[in-house]
Amino acid sequence: MAHPKRKTSKTRRDKRRTHYKAKAPQIATDPTTGEAHVYHRAHWHEGKLYYRGQVLIDNSEEVEA
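Numbering follows this note's numbering, in which position 24 of the sequence shown is assigned residue number 251; successive positions increment by one, without gaps.
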């Protein structure tokens, strides 16, 4: 089994681990409703599902049987 010839310093080890960070999601504002939402995601506002300023699903309408 292979072994390292030299000990890896704490600085070198820690530099390698700096890339593991949680990033905050980007927040966008819908042009139609002014609602804040995550980029590239549809969002609900007052019973309607919006994506890129357009209504996809409208649950506020009454369904007649």
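Beta carbons: idealized from backbone N, C-alpha and C, even for Gly.
Please report the distance separating the alpha-carbon of residue i from that of residue j.
i    : j    : result
H270 : Y247 : 29 Å
E262 : P252 : 15 Å
K294 : K250 : For the chain, the structure presents residues 228 to 292; residue 294 sits outside this window and is missing.
Would you grab the beta carbon distance between residue i and residue j for me? Rounded to a whole angstrom, and I think it's under 8 Å.
i    : j    : result
P258 : G280 : 5 Å
T260 : Y277 : 6 Å
In terms of residue numbering, what span does the beta strand (DSSP E) encompassing residue i cover?
i    : result
D285 : Q281 to D285
T256 : I254 to T256
H272 : H270 to H272
Looking at the secondary structure, which residues open and close the alpha helix (DSSP H) in which residue i lies?
i    : result
K275 : Looking at the DSSP string, K275 is not in any alpha helix (DSSP H); the run it does join, the beta strand (DSSP E), is K275 to Y278.
Near residue i, what residues of its chain come up, given a Cβ to Cβ distance below 6 Å and the 5 sequence neighbours on each side ignored?
i    : result
P286 : In the sequence as displayed, the identity of residue 286 is Asn instead of Pro. For N286, where only same-chain residues beyond five positions count, the Cβ hits under 6 Å are G274.
Touching by the beta-carbon criterion (3+ pairs, under 8 Å), the segment 231-247 and the segment 266-280: no
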